[in-house]
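Chemist: Counted from 1, the sequence shown has number 771 at position 286 by the working numbering; the numbering is strictly sequential.
Backbone N, C-alpha and C fix where the C-beta goes; we use that ideal spot for every residue, glycine too.
Values in this document were obtained by computation on a predicted structure and should not be read as measured data.
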Amino acid sequence: MFSLFLAKLSFMLMTIYVCSACVFDEVTNNSTNITTLIPRYYSVPNQRDSSTQYGPWPFEVIDDVNGNQAPIYYCYEGAWAVNNLPLLFADAFAKWNGAFGFSALRFQQDPFCGDALECECAIGNTRDDTLRIGAVRTGISHASLGYNYQSNEPGRHVLNLNVVGYSPFDLASRPVYVLIAAHELGHVIGLGHEHQRPDRDSDVDFHCENLVGYAAAHAKVVDSRQSWSLPRKLPACDLPKWLTDDECMQNVVCKFSDYAWTWFPEAMNFITGDQQPAWKDLEWPTWALDTYSIMIYNSYDGTSYPNNGRDATFPDGAVLVGKQRGSGAIFEIFQGGNRERAKAIPSGRDKGRVGQLYPRGIRYGRT
Ligand SMILES: [Zn+2]
Numbered sequence: 486m487f488s489l490f491l492a493k494l495s496f497m498l499m500t501i502y503v504c505s506a507c508v509f510d511e512v513t514n515n516s517t518n519i520t521t522l523i524p525r526y527y528s529v530p531n532q533r534d535s536s537t538q539y540g541p542w543p544f545e546v547i548d549d550v551n552g553n554q555a556p557i558y559y560c561y562e563g564a565w566a567v568n569n570l571p572l573l574f575a576d577a578f579a580k581w582n583g584a585f586g587f588s589a590l591r592f593q594q595d596p597f598c599g600d601a602l603e604c605e606c607a608i609g610n611t612r613d614d615t616l617r618i619g620a621v622r623t624g625i626s627h628a629s630l631g632y633n634y635q636s637n638e639p640g641r642h643v644l645n646l647n648v649v650g651y652s653p654f655d656l657a658s659r660p661v662y663v664l665i666a667a668h669e670l671g672h673v674i675g676l677g678h679e680h681q682r683p684d685r686d687s688d689v690d691f692h693c694e695n696l697v698g699y700a701a702a703h704a705k706v707v708d709s710r711q712s713w714s715l716p717r718k719l720p721a722c723d724l725p726k727w728l729t730d731d732e733c734m735q736n737v738v739c740k741f742s743d744y745a746w747t748w749f750p751e752a753m754n755f756i757t758g759d760q761q762p763a764w765k766d767l768e769w770p771t772w773a774l775d776t777y778s779i780m781i782y783n784s785y786d787g788t789s790y791p792n793n794g795r796d797a798t799f800p801d802g803a804v805l806v807g808k809q810r811g812s813g814a815i816f817e818i819f820q821g822g823n824r825e826r827a828k829a830i831p832s833g834r835d836k837g838r839v840g841q842l843y844p845r846g847i848r849y850g851r852t
């Protein structure tokens, strides 16, 4: 069912360099001396056609000498967004700067807007496939994943930032919104949530019971299971084996998107991709999870612990707990690899995958 990403490189011939100071994790083939970047996390397949639900954005220019160009054109949806979001997004785009030098990727205003800083989406003038960046005040921030090659529908590429609490003058909270915007841009580029990789349980423990809304979901489930009405609403909790209510929550409601969607929507962004039809085309590598990725959640994101877990002693109340393969040592996860949001950036492997999805077409200047 899954098109598993298989590294077609022979490990016997390779030296693997892993260091935190490197820009990228690199794999060098000793016989050919060709260096490639380790693709690390969960993303759209590298295919620019309608055979998958989504792929990387198209190349506008293919030029092996001067470099390919794969611009992600964008505009702002509505007056509020035009007036308030450009400077915020300038900082969010900048977080991806490190990926640009090694890839054909660019964030670029819709050609209709020229150089004007305030680029408002204008149907009929801005491109149908342009990314529309808007503001919402309900629900969570969200974005479309990669480029949709199966549709020509105008407005199919969107990024909606929840701006409740955002003020351009509040410098203290600004880094929080910039990081969220940069994370959403990661989805637009084509990256999925690292913690939803189907094999994530090897590297991270998901504590569903610490998610906000768990107690209410549990109560609803108990209520339904105690009723005698047919058909049973949680059949996977009854057959082939009768599960306790806690098991029903942990092994069914917190694991399968159909059940989560009905009984505990707060868990949806933690369900592994193999149990989510919408993410069926995503690919992942064989390497361990990238816990520095800008596409993974912080350990306390979504926690029911008071004050969003700020005063908690890790791992009390944590939703995601990182664990080292081998030693089993546990650690707190910080999105973008830094406790300080202002310093959080795409990881080396985030950049590495961008380089693969949007190859520049020329050598990276190595000698
Ligand atoms: Zn996300």
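1) Between the region 645–662 and the region 591–610, can you find at least three pairs of beta-carbon atoms closer than 8 Å?
2) Comparing alpha-carbon positions, which option in Y843, Y790, G599, F587 lies nearest T611?
3) I'd like the list of long-range same chain contacts for W746, defined as Cβ closer than 7 Å, with 5 residues on each side in sequence excluded.
4) For a test of your reading of the model: does the CB of H642 fall under 7 Å from any non-hydrogen atom of ligand 1? Yes or no.
5) May I have the straight-line CA-CA distance separating P844 from N553, to the nearest angstrom?
6) DSSP three-state call for I608: helix, strand or coil?
7) Can the beta-carbon of A577 be found closer than 8 Å to that of D688?
8) For V737, count the other beta carbons within 10 Å of its own beta carbon; 16 or more makes it buried, fewer makes it exposed. Which is it?
9) How long is the line joining the alpha carbons of S626 and V546, rounded to whole angstroms?
10) What is the DSSP secondary structure of A564, counted as helix, strand or coil?
11) Buried or exposed for E768, please, with buried defined as at least 16 other CB atoms from any protein chain shown within 10 angstroms of its CB.
12) Could you tell me whether the Cβ atoms of L644 and L664 are closer together than 8 Å?
13) Beta-carbon separation of G619 and A667 under 8 Å?
14) Take S629 and list the residues in its own chain whose beta-carbon comes closer than 6 Å to its own, dropping the five residues that flank it on each side.
Modeler: Looking at the coordinates:
1) no
2) Here residue 611 refers to the residue found at position 126 when the sequence shown is read from its first residue. For T611, the nearest C-alpha among the options comes from G599.
3) The residue you call residue 746 lines up with position 261 of the sequence shown. So the qualifying residues of the chain are M753.
4) Locating residue 642 in the sequence shown gives position 157, where the first residue counts as 1. Result no, Cβ not under 7 Å from ligand 1.
5) Numbered from its first residue, the sequence shown carries residue 844 at position 359. Numbered from its first residue, the sequence shown carries residue 553 at position 68. One C-alpha to the other measures close to 7 Å.
6) For the purposes of this step, residue 608 is taken as residue 123 along the sequence shown, with counting starting at 1. The answer is strand: DSSP assigns I608 an E or B state.
7) Sequence index remark: in the sequence shown, residue 577 carries index 92 (1-based). Sequence index remark: in the sequence shown, residue 688 carries index 203 (1-based). Cβ atoms of A577 and D688: not closer than 8 Å.
8) Your numbering for residue 737 matches position 252 in the sequence shown. Under this definition V737 is a buried residue.
9) Within the sequence shown, numbered from 1, the residue matching residue 626 stands at position 141. Within the sequence shown, numbered from 1, the residue matching residue 546 stands at position 61. Distance between the alpha carbons of S626 and V546: 31 Å.
10) If you number the sequence shown from 1, residue 564 lands on position 79. Here A564 sits in helix by DSSP.
11) What you label residue 768 is simply residue 283 of the sequence shown in a count that begins at 1. Looking at its Cβ environment, which holds 16 or more other Cβ atoms inside 10 Å, E768 is buried.
12) For the purposes of this step, residue 644 is taken as residue 159 along the sequence shown, with counting starting at 1. For the purposes of this step, residue 664 is taken as residue 179 along the sequence shown, with counting starting at 1. Contact flag unset, no.
13) Mapped onto the sequence shown, residue 619 falls at position 134. Mapped onto the sequence shown, residue 667 falls at position 182. No; because the gap between Cβ atoms is not below 8 Å, this pair is not in contact.
14) Along the sequence shown, read from residue 1 onward, the residue named residue 629 stands at position 144. The answer, listed in chain order, is H642, V643.
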